[in-house]
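**Q**
Protein chains in written order, with this note's numbering: chain A, 1 to 233; chain B, 234 to 450.
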């Protein structure tokens, strides 16, 4: 067994520097690497490019890095629900590259899988296609999209083991599995870290080979963005 | 004129037995409440769930189980979770039978705009561009006019596009229309709304063939 565990979040983030590009897992606030984000805030590094489907909310998730003006550029598909983000974007302080959600996921997966580029129909005929190669396949136009290149990927799973194997829960899975192994160094944080041999190999969602460093998060707030319920009859 | 609930109710009649359906945020989400009893349908949410159920009972919300609108949800028997790449594989690979989404503008050639108002609102396209580029069967749920009374069914979209030549059907608070090579074909009108009213509220080419029946909701 190759042991991927690190003893602390500080050790997990060793090597992060200003100007780097990070992938950050999660959809909305679900499945975000809360502990890694909190530690990134502490490091005070700046001029970051973050690839993440969303940008958190004002006081949680990537919103915390935005508050400290640590992010120079966001690459996302949807950035509503964040006033500080909107303010920085409209004032020109923050660069924003909005791309289709499926393309975002696939550009991560391509990086993970060693595919430099691919064609997709998403965005053809829109602003997203500007400056990109267009080619017809089966009579339909597609645009060329490239794999991302990132220095670190920060992902969050439900359970993990010392070998770096990961299991996700519910829709907190989202972008985490496709970002694992898609950057030079992948840091996985988990709610529960168990000894190798504890998890059933049949149930592993992401094999440890895609994870460089793994640690158990000190605590998880797991904030709910839109609490919707129904009444009992 | 139909309410938003009634638009959803009318669209629900387009949902057929055995369909996998992706519902967008807003009016489309309401469609789930009106699917006819006795047919089997599974709802897909692009953040990674198939077999979405109703909202949870109070106290049973789970931060790890949400829909694309970030609302807490439940799952039904037969449900599954998957990652974002597989989710869009389902969409791009045309495994989803029906896509229902909202729009700011639809043009007579099937173009749609729903993600950006330059200088005003830039929230992003989310999964909408992937959905409209790949789905064969797309229904748009929208209001026929904006608050100022101007038509949202246009000759050409004025806002940045989400997709080109992709919308096949539109259900508004005034009418049901197919989008064809020649323009919007009027199929049904809302109760109490005349063909003349619809013509006046439609900037794009509106094709009226024979008697246009009133919607049954």
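All C-beta atoms, glycine included, are put in the ideal place defined by N, C-alpha and C.
Considering residue 364/B, what are the terminal residues of the alpha helix (DSSP H) in which it resides?
**A** In the second chain, residue 364/B corresponds to position 131, counting from 1. Unbroken alpha helix (DSSP H) run through residue 364/B: 361 to 367.
**Q** Does any CB atom of chain A fall closer than 8 Å to the CB of residue 401/B?
**A** Along the second chain, one-based indexing puts residue 401/B at 168. Cβ-Cβ to chain A under 8 Å: no for residue 401/B.
**Q** Around the Cβ of residue 397/B, are there at least 16 other Cβ atoms within 10 angstroms (buried) or fewer (exposed)?
**A** By 1-based counting over the second chain, the position of residue 397/B is 164. Answer is buried; the Cβ neighbour count reaches 16.
**Q** In terms of residue numbering, what span does the alpha helix (DSSP H) encompassing residue 42/A cover?
**A** Residue 42/A sits at position 42 when you count from the first residue of the first chain. That run of the alpha helix (DSSP H) goes 34 to 43.
**Q** Please state if the CB of residue 84/A and the CB of residue 63/A are separated by a distance shorter than 8 Å.
**A** On the first chain, residue 63/A is found 63 positions in, with the first residue counted as 1. On the first chain, residue 84/A is found 84 positions in, with the first residue counted as 1. Yes, the pair counts as a contact, with Cβ atoms nearer than the cut-off.
**Q** Taking residue 367/B as the query, report the chain A residues whose CB atoms sit under 8 Å from its CB, ordered along the chain.
**A** Taking the first residue of the second chain as position 1, residue 367/B is located at position 134. Near residue 367/B (Cβ distances below 8 Å), the residues of chain A are 121 and 122.
**Q** Leaving out five residues before and five after residue 428/B in sequence, what residues of the same chain have Cβ atoms less than 8 Å from its Cβ?
**A** By 1-based counting over the second chain, the position of residue 428/B is 195. Result list for residue 428/B: 419, 422, 441 and 445, in chain order.
**Q** Using CA atoms only, rank isn't needed, just tell me which of 407/B, 245/B, 324/B and 288/B is closest to residue 309/B.
**A** To locate residue 309/B, count along the second chain from 1; it is residue 76. Out of 407/B, 245/B, 324/B and 288/B, 288/B has the C-alpha closest to the C-alpha of residue 309/B.
**Q** Compute the Euclidean distance between the alpha carbons of residue 20/A and residue 5/A, then round it to the nearest angstrom.
**A** Along the first chain, one-based indexing puts residue 20/A at 20. Along the first chain, one-based indexing puts residue 5/A at 5. So the alpha carbons of these two residues sit roughly 23 Å apart.
**Q** So, is the C-beta of residue 138/A closer than 8 Å to a C-beta in chain B?
**A** As a position in the first chain, residue 138/A is number 138, starting the count at 1. No, its Cβ sits nowhere closer than 8 Å to a Cβ of chain B.
**Q** If residue 155/A and residue 188/A are in contact, beta carbons under 8 Å, what's the gap, nearest whole angstrom?
**A** The residue labelled residue 155/A in the question sits at position 155 within the first chain. The residue labelled residue 188/A in the question sits at position 188 within the first chain. With a Cβ gap of about 5 Å, residue 155/A and residue 188/A count as contacting.
**Q** Starting from residue 98/A, trace the beta strand (DSSP E) in both directions and tell me its first and last residue.
**A** Working through the first chain from its first residue, we reach residue 98/A at position 98. It spans 95 to 98 - the beta strand (DSSP E) in which residue 98/A sits, taken as one unbroken run.
**Q** Taking buried to mean at least 16 other C-beta atoms within 10 Å of its own C-beta, is residue 353/B buried or exposed?
**A** In the second chain, the residue the question calls residue 353/B occupies position 120. Result: exposed.
**Q** Taking C-alpha atoms, which residue in 137/A, 99/A and 177/A lies nearest to residue 320/B?
**A** If you number the second chain from 1, residue 320/B lands on position 87. Ranking the options by Cα distance to residue 320/B, first place goes to 177/A.
**Q** Under 8 Å between the Cβ atoms of residue 317/B and residue 105/A?
**A** What you label residue 317/B is simply residue 84 of the second chain in a count that begins at 1. What you label residue 105/A is simply residue 105 of the first chain in a count that begins at 1. A contact, by the Cβ cut-off of 8 Å.
**Q** Please work out which residues of its chain come closer than 7 Å, Cβ to Cβ, to residue 278/B, disregarding the five sequence neighbours upstream and downstream, and give them in chain order.
**A** The residue you call residue 278/B lines up with position 45 of the second chain. Within the same chain, residue 278/B has close Cβ partners 285, 300 and 301.
**Q** Identify, in the order they occur along the chain, each residue of the same chain with its Cβ nearer than 6 Å to the Cβ of residue 339/B, setting aside the five sequence neighbours on each side.
**A** On the second chain, position 106 is the one that residue 339/B refers to. Once the five neighbours on either side are set aside, the close Cβ partners of residue 339/B are 345, 373, 386, 400 and 403.
**Q** Residues in the stretch 274 to 288 of chain B with C-beta within 7 Å of chain A's C-beta atoms, listed in sequence order?
**A** Flagged, chain order: 279, 280, 281, 282, 287 and 288.
**Q** Mind listing, in chain order, the continuous beta strand (DSSP E) runs of no fewer than 3 residues lying wholly within the stretch 90 to 150 of chain A?
**A** Qualifying beta strand (DSSP E) stretches, in chain order: 95 to 98, 117 to 120, 134 to 137 and 140 to 146.
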